[in-house]
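Under the UniProt record's numbering, the sequence shown has 113 at position 113, and the numbering climbs by one with no breaks.
In what follows, a single structure is set out as structure tokens and then discussed.
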Amino acid sequence: MSHIKNLIPKTINPDLQKERNAAEFSVQEFAAWWQGGQEKLDTKRTVENAIFSDLEDGYGLNHEYMSHEDVYNSAVKKAAEAALKLKALQKKLNPGGNNIWPQSLFNVHSHGLFPANHPLATHITMFVDVIKGQGTAEQVEKWGKAAENCNIIGTYAQTELAHGTNVRGIQTRADFDPQTDEFVLNTPNLEAYKWWPGGLGHTANHAMVVAQLYIDDVHRGIQMFIVPVRHADTHLPLPGVDIGEIGKKLGMAAVNQGFLGLNNVRIPRTNMLMKYAKVERDGSFKASPASRVNYLTMVYTRCLIVNLNSTLLLEAATIATRYSAVRRQSPIEADQPEPQIIDHVTQRLKLFPEIATGMAYHLAAEYMWELYDQTVLDANNGKFDRLPDMHILSCALKVLCTTDSCAGIERLRLSTGGHGYLTAANLSNIYGNAVAAYTYEGENTVLLLQIGRALVKAWSNFIADKPVSSSYAYFESSKQKKFPKWDNSWETIIKALQFTATHKTRIAFENLAERIASGQSQAVAANNTGIEFTRAADLHGRQFVCQIFVEQITGPKAQKRSASLNKVLENILELFLVQTVLNNLSDILRFINLTDADLRSLQKRLELSLEKLRPNAVAICDGFDFHDRVLNSVLGSYDGNVYARLFDSAKRSTMNQKPVQKSFESYLKPLMKANL
Ligand SMILES: Cc1cc2nc3c(=O)[nH]c(=O)nc-3n(C[C@H](O)[C@H](O)[C@H](O)COP(=O)(O)OP(=O)(O)OC[C@H]3O[C@@H](n4cnc5c(N)ncnc54)[C@H](O)[C@@H]3O)c2cc1C
1 MSHIKNLIPK TINPDLQKER NAAEFSVQEF AAWWQGGQEK LDTKRTVENA
51 IFSDLEDGYG LNHEYMSHED VYNSAVKKAA EAALKLKALQ KKLNPGGNNI
101 WPQSLFNVHS HGLFPANHPL ATHITMFVDV IKGQGTAEQV EKWGKAAENC
151 NIIGTYAQTE LAHGTNVRGI QTRADFDPQT DEFVLNTPNL EAYKWWPGGL
201 GHTANHAMVV AQLYIDDVHR GIQMFIVPVR HADTHLPLPG VDIGEIGKKL
251 GMAAVNQGFL GLNNVRIPRT NMLMKYAKVE RDGSFKASPA SRVNYLTMVY
301 TRCLIVNLNS TLLLEAATIA TRYSAVRRQS PIEADQPEPQ IIDHVTQRLK
351 LFPEIATGMA YHLAAEYMWE LYDQTVLDAN NGKFDRLPDM HILSCALKVL
401 CTTDSCAGIE RLRLSTGGHG YLTAANLSNI YGNAVAAYTY EGENTVLLLQ
451 IGRALVKAWS NFIADKPVSS SYAYFESSKQ KKFPKWDNSW ETIIKALQFT
501 ATHKTRIAFE NLAERIASGQ SQAVAANNTG IEFTRAADLH GRQFVCQIFV
551 EQITGPKAQK RSASLNKVLE NILELFLVQT VLNNLSDILR FINLTDADLR
601 SLQKRLELSL EKLRPNAVAI CDGFDFHDRV LNSVLGSYDG NVYARLFDSA
651 KRSTMNQKPV QKSFESYLKP LMKANL
């Protein structure tokens, strides 16, 4: 295929180069800031060199043409090879640390290694973390270390065929047998088969099975059990274990989601995670004294998801923005040459708000990580007061980020016209990876309802003059009869969102109370108030994201950045805030009297921020420092040689490896010659 390789020039597309030359800030400074410092940026690049340098040409696109099985097997091969490289690199660069191994196996580099997603994702993000969070010291020593080192591979098996959201409804059963000091696990019916756990199909040899515990037929709640499911050497399913893969999905082909049925499978009593709840040798049971601590694991996972989905959105934005700088079409003045499509104002509206949105969520996640570290310290000192708040905020961030990133990725795909429909653009694949997070780790609507209920509870405390936590402090704004005059400042935008969120919460509370007063039970009234709960919850999350974005860009951290970088960042912030107001006008206008002049001014601000972002858009995307392997897109590579790459990828299509397909002789020719 040497003639194909030669198709792609070694030069940078001149339009893209022109964009880079015109940037008004230092991309290098942006990239170092974005990665959390020059040292982290250097490490990231070193890791990428190590894991990408010997991948075969065109590797990223190959999985689209592979069989279901080959996609999986090749991803496992890459994972094993990368693990060895990362371990060696960790030893060389930072012995004893964990910033390269295992951390680098599951961060943005992995998007380059595993375009069909990560075969060890659930092992790393769920199995290992749950053991560390819920296991006793002995269990962490025995299972946690082996898992972290990939000596055993696990999955997290909670969801069943008939129950996902309602965990209490799961039916897998673990009965304690005092004679043998074992638990006996059973799947009582088809509906109770475990369904969805990542890696359960053929990768994991252990499963963290979530089951209803019974001792002497007395129900003792839902507990977690480490269950070996495959033989350590042969990898064959163990006796009583019915295991397999659930079939092809919208995306995540390499994740190998599986099903699991258990028939009288016996495990030692010590395989139940017992940091909190305990079953003693004599069968006595101690309930968990610290269920609040479970929040921490959930907060951690949700912050990871925000990191993941904001990154996927920015990958898509980078692809679409670079493509929009290279693609020329449709003169604006009839007698002028065709412009770069990024010069059509509506195209900017499709691209730039997504850049701003991805950045807003990335920075919100960064803030949450700082809060998380502080909360862990507090929890270790027996202080848990921050936890419920952290839980609600992390739910809100997870919901908004996954919802907005999926919608944004699809908008970006559409912004690339026809070529974005090709899998080689990688936008459909990125979408497939992103949209899964809408559902897992708490389905988004279900989480919004939880947040809504927490808001209404906080509101009832607030109006009863009881203390409320700092994240609801903005309820104070309800004491103003009218929203102050609109003055176009960022502060006013935040206050407007808070004022609106407050009144949406008030209305949800009032309608709930009215329904209860009319005779509906609390639960039925809450169900009937669901739409209002979710809207209030959405706005609660949005005011938080906006507030943090303002803080991260204009707060003390700004002093560490150059004036030119801050100017660009402030413009991105301006775009995000104005866009958030415009997107939520129907709610805002219900409570705040914006004049026609105010609305016109918001529209002007939107247009101006798009215009100001125009010269910097490509450079900002460069600043995210996505390796070409990570973007994996014929439309988005750094060199911008879009048409050559499109043609190259078409030539690589497996169908183009022979001039005539076999269906011609068998079907097409007879049809054409049939003369019916
Ligand atoms: C890609 C992927 C990976 C996954 N990985 C794992 C894994 O590793 N391990 C694991 O155990 N599970 C995993 N899951 C399962 C996942 O956790 C569940 O799919 C998720 O919890 C949603 O549950 P469900 O599928 O039962 O949806 P349902 O709960 O049936 O949701 C269907 C609809 O009903 C609505 N609904 C449900 N309950 C309520 C309510 N109380 N109020 C209002 N509306 C409601 C929802 O909003 C939704 O619109 C994965 C799923 C996916 C898609």
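Virtual Cβ for every residue (Gly too), placed ideally from N, Cα, C.
Cβ-Cβ distance between residue i and residue j below 7 Å
i           : j    : result
L610        : R348 : yes
Q158        : V229 : no
E315        : L631 : yes
G261        : S310 : no
residue 680 : T270 : Since the first and last residues shown for the chain are 1 and 676, residue 680 lies out of range.
V167        : D177 : no
Y193        : L161 : yes
N528        : R515 : yes
Y438        : C406 : yes
G135        : K275 : yes
F127        : A146 : no
L215        : G283 : In the sequence under discussion, the amino acid at residue 215 is Ile, which differs from the Leu named in the question. In this structure, G283 lies closer than 7 Å to I215 by Cβ.
L16         : A325 : yes
Same chain, Cβ closer than 8 Å to residue i, five either side skipped, listed in chain order
i    : result
F475 : A458, W459, F462, V468, T502 and T505
E607 : V345
H68  : K248 and A253
I4   : Any reading at I4 is ruled out, since the residue's pLDDT is 49, under 50, leaving its predicted position unreliable.
L397 : R302, C303, V306, Y361, A364, A365, M368, G541, F544 and V545
P615 : E19, A22, A23 and E24
Residue i versus the options, residue with shortest Cα-Cα distance
i    : options                   : result
Q35  : G640, P556, Y638 and D622 : D622
Q257 : V279, R266 and G247       : G247
L565 : A597, E551, A619 and S518 : A619
I494 : D465, F259 and F549       : F549
I355 : Q179, V376, L312 and L397 : L312
I8   : S666, M655, N641 and A674 : N641
L105 : H123, M272 and E39        : H123
M66  : T11, H111, A116 and V660  : A116
L308 : R20, T11, R561 and N107   : N107
E491 : Y440, Q480 and Q547       : Q547
A75  : A513, H118 and N429       : H118
Spatial neighbours of residue i in its chain, beta-carbon cut-off 7 Å, leaving aside the 5 residues before and after
i    : result
V140 : I131 and K132
S2   : Low confidence applies here, because S2 scores a pLDDT of 42, under 50, leaving its location unreliable and the question unanswered by this model.
N205 : I152, I153, P228, V229, R230, A232 and H235
K612 : N571
S477 : K495, Q498, F499 and T502
P670 : none
F225 : A174, F183, L185, V209, A211, I267, N271 and M272
S110 : H118
Boundaries of the beta strand (DSSP E) in which residue i is found, first to last residue
i    : result
D175 : R173 to D177
V210 : H206 to I215
M224 : V218 to P228
V128 : Counting along the chain, V128 falls outside any beta strand (DSSP E), and DSSP gives it neither H nor E.
V184 : E182 to N186
G623 : Here G623 belongs to no beta strand (DSSP E); instead the alpha helix (DSSP H) covers A617 to G623.
V241 : V241 to E245
P331 : P331 -> no beta strand (DSSP E), and no H or E assigned at all.
Close Cβ partners of residue i (< 6 Å) along its chain, the five nearest in sequence each way excluded
i    : result
A536 : G452, L455, K504, T505 and A508
W101 : L86, K87 and Q90
H163 : G169 and I170
F25  : S564, L565 and V568
T423 : E64
Element boundaries [alpha helix (DSSP H), containing residue i]
i    : result
R542 : G530 to T554
E160 : Careful: E160 lies outside any alpha helix (DSSP H) and carries neither H nor E.
P353 : V345 to N380
L412 : L387 to S415
N21  : P14 to A22
F462 : N444 to I463
L314 : N294 to V326
Pairs of beta-carbons, one from the stretch 315 to 332 and one from the stretch 405 to 412, closer than 8 Å: are there three or more? yes
contact_flag[the stretch 535 to 546, the stretch 490 to 501] where n(CB pairs < 8 Å) is 3 or more: yes
Count the CB pairs spanning the stretch 41 to 53 and the stretch 615 to 629 that are closer than 8 Å, and state whether there are at least three. yes
The stretch 394 to 410 touching the stretch 357 to 372, judged by at least three CB pairs closer than 8 Å: yes
Count the CB pairs spanning the stretch 372 to 387 and the stretch 586 to 600 that are closer than 8 Å, and state whether there are at least three. no
When you compare the stretch 332 to 344 with the stretch 427 to 447, are there three or more beta-carbon pairs, one atom per stretch, that lie closer than 8 Å? no
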